[in-house]
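Chains as they are written, first to last, in the working numbering: chain A, 54 to 306; chain B, 4 to 705. Structure first, then comments.
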Amino acid sequence: MGTIRVRFILVALVVSFFAVGMAAFLNYFKYKSTIGNIVKSRVLVVGRGIENSVQASLQLGMQFSELSQLPQLMQREKSSDRLVRGIDVFDYSGQVIYSTDRARVGQKVPATWTLAAERSKTTEWATEATDEYVAGISVKNAFDLTVGFLALRYSRDEVEQAAAAAGRKILLAALASFIGIAIVAPLALIVVIRRFERDLRTLEAAASHLEDRAQPPPSTGSAFDTAIGHLRESLRDANKSLDDLRAKLDTAG
Amino acid sequence: MLEKNYLWRIYWRLAGVIMVCVVVALAVVSYFSHRVFERELVPETEQKAATVAASVRALMLKATGYGVPFDKLYGVEQTFGEVFEENPEFSYAAVTDLDGQLLFARGKEPDGVREYFRRPAVVAVGLDPTATWTATRVGAQYFITMPIASDKPLGMLHIGIDGKFVDNVLLEVMLDVVVVLVVSLFFTLELLNFMAGARLASGLGEFAQQVERMRSGDFTATARIRANDEIGRLLRRIDAAIDHLNVRYEFLVGELEDKMRAAAGPRREALKPAMGALEVMRSRLRFGSAPKDAEGDEMNLNRIRAPLFAFILAEEMTRSYLPTYVNQLLVAIPGFSPQIVIGLPIMLFMLIVALGQPYLGSWSERVGRRRAMLIGASIATVGFAATALAINLYDLLLWRSLCALGYAMVFVAAQGYVLDRTGHDNRAQGFALFIGAIMVATVCGPSIGGILADNIGFRLSFAVSAVMALASLLAIARLPKVEVRTTTSPRPSRGPRMREIMALMVNKRFMTLTGLAAVPAKVILTGVCFYLVPLYIVSIGNTSAMAGRMLMVYAVMMVLIVPLSASLSDASMRRDRYVSVGLIISGLSGLLLLISDSFLVLFGVVFLLGLGQALSIAAQSALVAEHCQEEIRIYGHDAVYGVYRLFERLGNALGPLIASVLVIFWGYQGAFIAISALVLVCGIAFTIATRGLDWQPQPVTQ
Chain A
54 MGTIRVRFIL
64 VALVVSFFAV
74 GMAAFLNYFK
84 YKSTIGNIVK
94 SRVLVVGRGI
104 ENSVQASLQL
114 GMQFSELSQL
124 PQLMQREKSS
134 DRLVRGIDVF
144 DYSGQVIYST
154 DRARVGQKVP
164 ATWTLAAERS
174 KTTEWATEAT
184 DEYVAGISVK
194 NAFDLTVGFL
204 ALRYSRDEVE
214 QAAAAAGRKI
224 LLAALASFIG
234 IAIVAPLALI
244 VVIRRFERDL
254 RTLEAAASHL
264 EDRAQPPPST
274 GSAFDTAIGH
284 LRESLRDANK
294 SLDDLRAKLD
304 TAG
Chain B
4 MLEKNYLWRI
14 YWRLAGVIMV
24 CVVVALAVVS
34 YFSHRVFERE
44 LVPETEQKAA
54 TVAASVRALM
64 LKATGYGVPF
74 DKLYGVEQTF
84 GEVFEENPEF
94 SYAAVTDLDG
104 QLLFARGKEP
114 DGVREYFRRP
124 AVVAVGLDPT
134 ATWTATRVGA
144 QYFITMPIAS
154 DKPLGMLHIG
164 IDGKFVDNVL
174 LEVMLDVVVV
184 LVVSLFFTLE
194 LLNFMAGARL
204 ASGLGEFAQQ
214 VERMRSGDFT
224 ATARIRANDE
234 IGRLLRRIDA
244 AIDHLNVRYE
254 FLVGELEDKM
264 RAAAGPRREA
274 LKPAMGALEV
284 MRSRLRFGSA
294 PKDAEGDEMN
304 LNRIRAPLFA
314 FILAEEMTRS
324 YLPTYVNQLL
334 VAIPGFSPQI
344 VIGLPIMLFM
354 LIVALGQPYL
364 GSWSERVGRR
374 RAMLIGASIA
384 TVGFAATALA
394 INLYDLLLWR
404 SLCALGYAMV
414 FVAAQGYVLD
424 RTGHDNRAQG
434 FALFIGAIMV
444 ATVCGPSIGG
454 ILADNIGFRL
464 SFAVSAVMAL
474 ASLLAIARLP
484 KVEVRTTTSP
494 RPSRGPRMRE
504 IMALMVNKRF
514 MTLTGLAAVP
524 AKVILTGVCF
534 YLVPLYIVSI
544 GNTSAMAGRM
554 LMVYAVMMVL
564 IVPLSASLSD
574 ASMRRDRYVS
584 VGLIISGLSG
594 LLLLISDSFL
604 VLFGVVFLLG
614 LGQALSIAAQ
624 SALVAEHCQE
634 EIRIYGHDAV
644 YGVYRLFERL
654 GNALGPLIAS
664 VLVIFWGYQG
674 AFIAISALVL
684 VCGIAFTIAT
694 RGLDWQPQPV
704 TQ
């Protein structure tokens, strides 16, 4: 196989690899973000129930730090979805006021949580911890002032296992496509570059007979015919001049 | 002789075949991905629907707990409406009694759903208070059904999930896949050139040159090492034929000289015709060894394209998301509004490039083009990597400055590399290669960068840019170490002097072109494309990938229109009209936002801006030589063009600053409109200033 053909095939393989790889990459990340959003919104449905209850209490004039029934409600809501690992309610300083995990009460949440809540343009926010995701709601009072934050911690496993499973399937589809293209593309390319290769072969063949004194081969219709003609003509002319010199030398004896 | 477009015709045919294969492969990947999405996402969405249903059910049970009869509940439909608003994938919700009779519903009722509600299996769910929920496909919807029971069974709650929601999710991916397809096409052409074309083009070019040399009687032998491919073998055969001729020639000349030395009298006379023949032959034909500098350096010229493309791509990839990234790292700087602070890294980058380029040209000449590129790419690689790890805006500014310095170094040195290896005959070809690499990077970079930023985040995307810059470094290292300067290479370049800058700043002709056309064109380019578009698109809830697609539209317009407008304006010799029309179209682009702020209108803005810039950009540069002949005579070509480029680049730096100030006062839309109006006014002023003038050179004060 000619080296030029090999190079063209390599180009096809590199481009196909890029395109198929990018498509697989895009599909995988789209899947991951979609599944992540579905799971997050599912968790936030649980959170909305708690938020409604908190707001109802606030509207009755209760203080945010005095919602005695809240821990039980949070515990109930947590058990309604196996995905939820824990629910925390924290204030502006990041201090946990209520939690389904008693040990967490009084502790500070990571700064990334409050930052994510502050940066969010809506009341919903989300952030990531090492082994869990956090989806949250900013709790507002009747005057639309944020009085605290509700955070629902849920396992990364659900999203990551689903993403890994989908990723494997997408990868397999991409690999199959790439293998298919690796078989078809070279064949298609060979058909397309046949004419170019024929031109090159004609050129190479003509070049191997450049110094023949015989009549030039008939025109092949190749793109190089004119160039070959010029080459032969130039060489014939030079040889003729040298022959002439040879003849004159021989005549002189 | 070989047709000029012979190779390009082959490239396009090959690219066509590769594209067909790629489209088929992408279709296969998309089809299988769709199946995976459907299989995996539907159960998750059903689970979510069940959670939502449980929440709605709790609300209903609360109401019935207060004594409201189940079939007289108030506001159920409104609650469903709120559910649809928050969950657009749900398209129908209903409550039925224990017999499956519809009590409350919202959304478009699917065909056959009432029969479904009355199915014994579904009714059984309502009668079993311990049942959780069931999922079934009804027509084009997926339904989940849940019993509603307090102390006794009351009915059933049904939520329908739109069967097309998976299609909608994948439709967003399809846009990115189309971008991948376009980028693949450009990559294909670039790779064809890099992996096969550079050698092929230079081989065929050398073959054509050899044919021409031989036609002109030049049979001098070159001592080149030929590649072991089809073209290399062909050139070796031609070399062999030339060598044979040279051997014959040397032998005959040697024989004649020997005979002349030995001959005397009549014998010497007999040799005179042979001497005459040799003289005639020598006057027509040349034999011996080709002088070294006669050998072109086309092969090495082509080798600049790959590293340049990779390097520019690294920077272009950041265009679509840089302002959003800066926004994340924003720190309050006293006295500066956040809008200005967001634009600071872009301004600083442009300023460093503007001020650095004129002086880096002579520096790269001194240290060597390859070495200058190596240093520049190394600095930029560090800059990209450090930007990926930036802590806040302050260190980000430092890292972006490194990127700018590296960019300016590589750009100038690559330009010098092309200049060094081209003469009058092939300089335009050399610059087409240079600009081609940049344009392709401009098409591919922002879109791919946006996609990466959306999926892997800003920091990792900058890391990818660092890897690209590193790859360019490796490609630069493979460039020839020996510096080459053709006999027609221009004299050493220098930066413009203050005296020249000041003199040209008060020159009416020069400033009409620079102040009314070149600078406004750059202001709108960087102000709109690099600052406003990425920020505005994200501000209206879109993604960086969408910003990348928008910038791709601009770049594609440039790639398609610039060659056409350049040849048309050259042919018509009315370049000022092209500049006027281009500026006016650019100026009208942002005014479209007066009609609507819809996404399609924004697309129109970028499209018109690309069209306007493409029409004027080539003509503008040529107008300098046309309109400022007297200035060029006095200060020299380099000085006039140097000052022109300096002002143009300062326009680049001003763009984000002006745009950010406008955003403070009038918001994003207002900034688009104001900056466009400014360019429109400049365009009209330029048209008036150049209308009817014959642009005869006028004396200038030195």
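Positions of the beta carbon are idealized from the N, C-alpha and C atoms, including for glycine.
- By the Cβ-count criterion, B:I540 is buried, with 16 or more other Cβ atoms from all chains shown falling within 10 Å of its own Cβ.
- Collapsing the DSSP output to three states places B:H161 in a strand.
- When CB distances to chain B are screened at a threshold of 9 Å, the residues of the segment 74-88 of chain A falling below it are M75, A76, A77, F78, L79, N80, Y81, F82, K83, Y84, K85, S86, T87, I88, in chain order.
- Runs of the alpha helix (DSSP H) lying entirely within the segment 534-568 of chain B, each at least 4 residues long, are 536-542 in chain order.
- Nearest Cα to B:L400 within the set B:G670, B:V25, B:I336, B:K511: B:I336.
- Annotated three-state conformation of A:D134 is coil, per DSSP.
- For B:I336, there is no enclosing beta strand (DSSP E), as DSSP gives it neither H nor E.
- The CB of B:Y252 comes closer than 8 Å to the CB of L295 in chain A, given here in chain order.
- Annotated as distal: A:V158 and A:V99, with beta-carbon spacing of 8 Å or more.
- Excluding its 5 nearest sequence neighbours in each direction, B:A622 has C-beta neighbours in its own chain below 6 Å: S572, R578, Y581, V582, listed in chain order.
- The C-alpha of B:T321 is placed about 37 Å away from the C-alpha of B:G639.
- A contact between stretches requires three or more CB pairs, one per stretch, nearer than 8 Å, and the segment 345-355 of chain B meets this requirement with the segment 658-668 of chain B.
- In the structure shown, the three-state DSSP call for B:F290 is coil.
- Chain A has no Cβ within less than 8 Å of the Cβ of B:A416.
- Rounded to the nearest whole angstrom, the CA to CA distance from A:A169 to A:T180 is 6 Å.
- The straight-line gap separating the alpha-carbon atoms of B:M284 and A:H262 is approximately 24 Å.
- B:R251 has its alpha-carbon roughly 15 Å from the corresponding atom of B:I241.
- The beta carbon of B:A30 sits closer than 8 Å to no other beta carbon from its chain once the five residues preceding and following it are set aside.
- The distance from the Cβ of B:A440 to that of B:V356 is about 17 Å, inconsistent with a contact at the 8 Å cut-off.
- No Cβ of chain B is located within less than 8 Å of the beta carbon of A:L198.
- At a cut-off of 8 Å between C-beta atoms, B:C447 does not count as an interface residue with respect to chain A.
- A Cβ-Cβ separation of about 5 Å places A:S152 in contact with A:D141 under the 8 Å criterion.
- Excluding residues up to 5 positions away in sequence, Y671 lie with their Cβ nearer than 7 Å to the Cβ of B:S542 in the same chain.
- The beta carbon of B:G291 sits closer than 6 Å to those of T223, all from its chain and outside the five residues before and after it, given in chain order.
- Per the C-alpha coordinates, the member of B:W402, B:D114, B:S468, B:M177 positioned closest to B:Y95 is B:D114.
- Boundaries for B:I382: no beta strand (DSSP E) harbours it, while the alpha helix (DSSP H) harbouring it runs 372-391, taken from the DSSP string.
- Closest by C-alpha distance to B:G615, out of B:G686, B:S575, B:V329, is B:G686.
- Per DSSP, the beta bridge partners of B:I147 are B:A138, B:I162.
- Between the alpha carbons of B:Y324 and B:P537 lies a gap of roughly 6 Å.
- It is roughly 11 Å from the alpha-carbon of A:A258 to the alpha-carbon of B:R236.
- One Cα belongs to B:S219, the other to A:H283, and the distance between them is close to 11 Å.
- In terms of CA proximity to A:I246, B:R12 leads the group B:S153, B:R12, B:M508.
- Close to chain B, meaning a Cβ-Cβ distance shorter than 9 Å, are the following residues of the segment 274-289 of chain A: A276, F277, T279, A280, I281, H283, L284, E286, S287, L288.
- For A:G74, same chain residues with a beta-carbon under 6 Å away, outside a window of 5 residues either side, do not exist.
- For A:K222, the C-beta contacts it makes with chain B under 9 Å involve F35, S36, R38, V39, R42, E43, in order along the chain.
- Put simply, the backbone Cα of B:I315 is about 53 Å away from that of B:V141.
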